[in-house]
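A short write-up of the structure that comes next.
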Amino acid sequence: MNISGKVENRDSLRYENRKFIIIGTVVVVIIVFIIRLFVLQIMDSNYKVWADNNAFLGKTIYPSRGIIYDRYGKLLVYNQPAYDVMMIMREVQPFDTLDFCNILHITKEQFDKRIVDIKNRKLNPGYSSYTPQVFMNQLSAEECGVLQEKLYKFPGFYIQHRTVREYTYPNAGLLLGNVGEVNSEDIRKDDYYVMGDYSGRAGIERSYEKYLRGEKGVEILLRDAHGRIKGRYENGQHDVAPVSGKNLTLSIDMELQVYGEQLMANKLGGIVMIEPETGEVLCLVSSPTFDPEMLVGRKRGKNFAKLSKDPLKPLFNRPIMATYPPGSTFKPTQGLIFLQEGVITPETRYTCAHGYTYRGGKPACHGHPSPLNLEGALSTSCNSFFPWGLHDMLDSRKRYPSIQEAFDVWKNYMVSMGYGYKLGLDLPGEKRGYIPNSTIYDKIYNGHWNSSTIISIAIGQGEILATPLQICNLAATIANGGYFVTPHVVKEIEDTPLDTLYTKRRYTMVEPKYYEYIASGMRGAVVGSPFGATCRGANLPDIEVCGKTGTAENPHGKDHSIFMGFAPYKNAKVAIAVFVENAGFGATYAVPIGRLMLEKYLKREIPESDKPLEEMIMNTKILPSMYYLGAAEK
Amino acid sequence: MNYRKKEIWKSVDWVTIFLYLVLILYGWITIAGASFDFGDVGLFDLSGRPGSQLLWMGLSLGLIFVILMLERSFFDIFAYWMYGLLILLLIATIFLAPDVKGSRSWLDLGFMRLQPAEFAKFTTALALAKLMSSYAFSLSKTRDFLKALFIIFLPMVCIILEKETGSALVYLSFFLVLFREGMSGYYLLAGICAVIFFVSEMKFAEVVVGITPLGKLLVEIMILVISLFLFQTKIKSRKVLYIIWATVFGTFGIAGIVSCFIPVDFSWVSLGLLAFFVLYIIGLSVQQWVGKYLLIGAFTVISVGYLFSVDYVFNDILEPHQQVRIKVSLGLKDDPTGAGYNVNQSKIAIGSGGLWGKGFLNGTQTKLKYVPEQDTDFIFCTVGEEQGFVGSVLLLLLYGAFIIRLIVLSERQKDVFGRVYGYSVVSIFFFHLFINIGMVTGLTPVIGIPLPFFSYGGSSLWGFTILLFIFLRLDASRKDR
């Protein structure tokens, strides 16, 4: 035993150093594992995401969309329950497709196409086979009931409660706008949206989308390896409750809006009314109009196509998108510029001999006493006075060294009055109109031009274009005596202050004192002056109305009939602009419509004496003959 | 006698016992976490897994007591007997065991199921210890070496026949014991080379640069470099070495230039160099009439032969599921829903744990059964997910301390029997740790073996407890001799 012991010891000594190799190996392996764990657990954050995708089924809880009221608290837009059919691709198992299609009234082809679309990551960037995707949206309660009964046959499909918009009035379709499914562009721009979500597509629904939509909530459910729901994650501690959208109170007077639409029935054009002091838009009538209900639910697509093909362009929001030559309603702006520039004084008189005497009677005018001052020229809407003024401003080299400089000063006045650029209304699609500058004329006339070349702009013709909103804003500015507040249709956002753009006054480059002469001239146009009156039709017995007619020549046919005004004369409560396309003289249609609208707003009802006028207007059709043809075909 | 039995509590290694207790307790907590389900029975209910694991643990304490009370000589005297008995049991199992998921390794005793393979580890360790401590045993004697190999391979073959390849591979860990006891390091080197060559060839098998198969070229260059370094240790003449290295680089340089004009398969170039090298060695041996270079030549030839048979072995000898597992672990195949599902899910579970983990019973991946076998072979996922990086590293450090403590104990044995047995214990634990953690973290192929003290199961807990405490019993009386 002893001998062998010695041998053993010698052997073991010989290889004893190998224990270090073995210990070293163990240590290295453990260090490698620690590094590996460090990489997996600390450095690579993907695993957490994958784990969450595995285990958590985030069920979106949709907030209710903000409700919309008019300025007197009348309910305009609210929500109704609807049902979406959702699917989770990963959970779908073979099922009777034909039965499924029959229940939903779709064809097998539509079914297949929808599946392909859902899986297409270009159309649907947020696609995941683990998350619920919208298969079909906005089923009615009846349609949904049938599916609900048979839902057990279709694993992977389920029903999600949603809401659809519901409208109290069949009016103001363009103003209120509508809600529709988001497209891939929206999803790309704003990661709030996933395919199948809804967002405001037009009107207020679109411009106030961020307030109306609220915030989605999420209920976190635990899902096991077989896709079974095992309950809520940590008793819903991590769930996020949805935040309801904010309610809006509009500045719109819905009763006035409805009345305006009735008056404008079978005519093309628009009515804008603004509360001058606040810039609140009281009505924004576009004619023809449509029932907003048409663009709700699954009939939306079909109706939208129908509306966009209609030759009367009901989807064209005329009061803010149509740009017309403003005609005589432009004259007050000219008077203001001339006064401020010292071209004229309130007493300056110009001659008129059935037209602009400097250019041999062009533009032409009607018969009235001559010479006449600014107030008189406004009251009788003289076509000579303002060209004279423009001539004195642009062609006199005492004031400005070149016509270019003089003209750009003129242009800057126009811009300060809200022309040539978007006013900033809180609705999508507002147009800027058109005010030329000297560069444009240099280009057109090769640098050789004077006031005579461009004289028609002095009476609101020529290159000048303005939206009815801009015209109405001018009336509001005159009513305010020199400032305006950016027009807006939303008066209040629940719990949120209004953008300061809609609360602060914007002064024009013309001093307030000069506005008095304009208002007085416009008052004269309504009640009559020594030089005549063009706007007597707007004269109300108990309210001092100021007004200005316009008759805009245009290449599309008969002249547009325009009325611009405000009332009462002192402390005006309302400014108005009425446009009736191709209706001839301003006094013919625009003035009576304006009269009725003013009465409706200020008195809340139309006096007996004006009932025949109301009936006559409502029954008048002024549509170009080609439209009748189009209508007859339907 | 009585004196000694009291003495055992003083001489037994309490450090190891402490680590053992901490590990099984940590293990139990993990099993409780892994098998917990919503609306499950209580943790201590015997019908649930945590409850029954607690029962196994209690019974283990009884086993420990019995083992510590046994005489040291008992293990020496009955080593071969126990070994023989277990071999018979293993063979019987092949025929008696029911088919469970393709393997026939579980014996149904009615009240419980046993896996004899778990117990064959300590009997094999005892038999090997007995053999190697026998008079005048030396691994340098071929006869003795073959005897040792026989003891190791016999249970291994039985277990392979039971279709438990994973458990069988554990027996390879005995080579670490043989290495400690004087087996030439070249065997381990050869083993490591075999693995590296295999992995390189498989990993780059489909990569072809120009007309050169990259896998072949890489392995051939490795063989060439290893051969040359081995040769370098045997030869003294610097001049010869310079010439050889110059030849190698020169040949590749020329091949590189030629490849600009006509496509060259570099794997044939390196093969040519290898052939040239072997011929040179043979020539040198004949010239100087010494055999010392021949071994190097043999290494070169066998390596090349191995390289060219890898494809055949892989495609024609390995089972399809084994091929897939190897491919997945080499990153050749990404199959998160199929064969790679386990590893992918286990990486997700571990990776989602973060620094501090999700907390006890809060792991979503393990609770919701995303990781299969999560309370047995993939138990580490629960540690990774619920205890995070901190808990996982703690486990590894505990294990590291445990294994290194066992190495220290093995080294302090005064006789070969104790040391060989001790190193067997070390090697078996180390191999389990290496393969198990390696597979769940995606570093090694999926080989279904448990993580000792953590994976659920009575057989495995008992097997490892017996394995460990026989060594502690031997260690406790090391001074008696």
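Line order of the protein sequences matches chains A and B.
Every letter in the first sequence is one number past the one before it in numbering that gives the first Met the number 0, and letter 214, counting from 1, is 213.
Every letter in the second sequence is one number past the one before it in numbering that gives the first Met the number 0, and letter 132, counting from 1, is 131.
The beta-carbon is built from N, C-alpha and C at its ideal position, and this holds for glycine as well.
Keep in mind the model is a prediction, meaning the values are calculated, not measured.
Interface flag, residue i vs chain A, CB-CB below 7 Å
{"i": "B:Ile150", "result": "no"}
{"i": "B:Ser391", "result": "yes"}
{"i": "B:Thr363", "result": "yes"}
{"i": "B:Leu54", "result": "no"}
{"i": "B:Leu485", "result": "In the structure displayed, chain B extends from 0 to 480; residue 485 of chain B sits before or after that span and is not available."}
{"i": "B:Phe359", "result": "no"}
{"i": "B:Gly353", "result": "yes"}
{"i": "B:Met0", "result": "Its pLDDT being 44, under 50, B:Met0 is placed unreliably by the model, and the measurement read from it follows with that caveat. Chain A, which has no Cβ nearer than 7 Å to the Cβ of B:Met0, makes this no."}
{"i": "B:Ile281", "result": "no"}
{"i": "B:Glu385", "result": "no"}
{"i": "B:Gly399", "result": "yes"}
{"i": "B:Phe463", "result": "no"}
{"i": "B:Ile195", "result": "no"}
Interface residues of chain B facing residue i [CB-CB closer than 8 Å]
{"i": "A:Asp43", "result": "Gly350"}
{"i": "A:Lys47", "result": "Gly350, Ser351, Gly353"}
Partner residues on chain A for residue i, Cβ-Cβ distance less than 9 Å
{"i": "B:Leu442", "result": "Val31, Phe32, Arg35"}
Neighbour flag for residue i against chain D, beta carbons, 7 Å
{"i": "A:Gln40", "result": "Of the protein chains in this structure, namely A and B, none is chain D."}
Whether residue i touches residue j by CB criterion (7 Å)
{"i": "A:Ile458", "j": "A:Asn382", "result": "yes"}
{"i": "B:Thr15", "j": "B:Arg411", "result": "no"}
{"i": "A:Val579", "j": "A:Lys266", "result": "yes"}
{"i": "A:Ser560", "j": "A:Ala524", "result": "no"}
{"i": "B:Gly390", "j": "B:Ser409", "result": "no"}
{"i": "B:Glu385", "j": "B:Gly47", "result": "no"}
{"i": "A:Ala551", "j": "A:Phe565", "result": "no"}
{"i": "A:Met253", "j": "A:Asp69", "result": "yes"}
{"i": "B:Ser476", "j": "B:Arg71", "result": "yes"}
{"i": "A:Gln469", "j": "A:Ser437", "result": "no"}
{"i": "A:Ile273", "j": "A:Cys534", "result": "no"}
{"i": "A:Asn170", "j": "A:Arg200", "result": "no"}
Neighbour list for residue i in chain B, Cβ cutoff strictly below 7 Å
{"i": "A:Asn53", "result": "Ile347, Gln364, Tyr369"}
{"i": "A:Asp223", "result": "Leu367, Lys368"}
{"i": "A:Val414", "result": "Per Cβ cutoff of 7 Å: no residues; A:Val414 is ~59 Å from chain B at best."}
{"i": "A:Val25", "result": "Gly399, Ile402, Ile403, Phe429"}
Test: residue i CB closer than 7 Å to a CB of chain B
{"i": "A:Val638", "result": "Shown here, chain A extends from 0 to 633; a query on residue 638 of chain A therefore has no answer."}
{"i": "A:Ala50", "result": "yes"}
{"i": "A:Arg64", "result": "no"}
{"i": "A:Tyr14", "result": "yes"}
{"i": "A:Val239", "result": "no"}
{"i": "A:Ile2", "result": "At A:Ile2 the pLDDT is 38, less than 50, meaning the model places this residue with poor confidence; the figure from the coordinates comes in the next sentence. Cβ-Cβ to chain B under 7 Å: no for A:Ile2."}
{"i": "A:Arg231", "result": "no"}
{"i": "A:Val91", "result": "no"}
{"i": "A:Arg17", "result": "yes"}
{"i": "A:Glu7", "result": "In this prediction, A:Glu7 scores a pLDDT of 48, lower than 50, which makes its location untrustworthy; the coordinate-derived value is nonetheless stated afterwards. Cβ-Cβ to chain B under 7 Å: yes for A:Glu7."}
{"i": "A:Gly629", "result": "In this predicted model, A:Gly629 has a pLDDT of only 40, less than 50, meaning its place in the structure is not dependable; the value taken from the coordinates is given anyway. Chain B contact via Cβ: absent."}
Rounded Cβ spacing between residue i and residue j (contact assumed at less than 8 Å)
{"i": "B:Glu219", "j": "B:Ser266", "result": "6 Å"}
{"i": "B:Tyr29", "j": "B:Thr381", "result": "A small fix is needed here, since residue 29 of chain B is Thr in this sequence, not Tyr. 5 Å between Cβ atoms; contact."}
{"i": "A:Gly244", "j": "A:Arg89", "result": "A:Gly244 to A:Arg89, Cβ: 32 Å. No contact."}
{"i": "B:Ser132", "j": "B:Phe416", "result": "4 Å"}
{"i": "A:Pro318", "j": "A:Ile251", "result": "About 12 Å separates the two Cβ atoms, so there is no contact after all."}
Per-residue contacts from residue i into chain B (C-beta, under 9 Å)
{"i": "A:Tyr157", "result": "Chain B residues near A:Tyr157: none, gap ~20 Å exceeds 9 Å."}
{"i": "A:Ile21", "result": "Leu175, Phe178, Arg179, Ile406, Tyr422, Val425, Ser426, Phe429"}
Partner residues on chain A for residue i, Cβ-Cβ distance less than 7 Å
{"i": "B:Gly456", "result": "In chain order: nothing, as chain A lies at least about 22 Å away."}
{"i": "B:Phe388", "result": "Leu36, Phe37, Gln40, Ile41"}
Under 8 Å by beta carbon: chain A residues contacting residue i
{"i": "B:Phe433", "result": "Val28"}
{"i": "B:Glu410", "result": "Glu15, Lys18"}
### Query
Which ranges does the alpha helix (DSSP H) cover as unbroken runs of at least 4 residues, wholly within the stretch 236 to 295 of chain A, from first to last along the chain?
253 to 262
#### Entry: Runs of alpha helix (DSSP H) wholly within the stretch 412 to 447 of chain A (minimum 4 residues, chain order)
437 to 443
### Task
Go through the stretch 43 to 78 of chain A residue by residue and report every complete run of the alpha helix (DSSP H) that reaches 4 residues or more, in order.
45 to 54
### Message
Extract the residue ranges of the beta strand (DSSP E) inside the stretch 576 to 606 of chain A, only unbroken runs of 3 or more that lie entirely within it.
### Response
none
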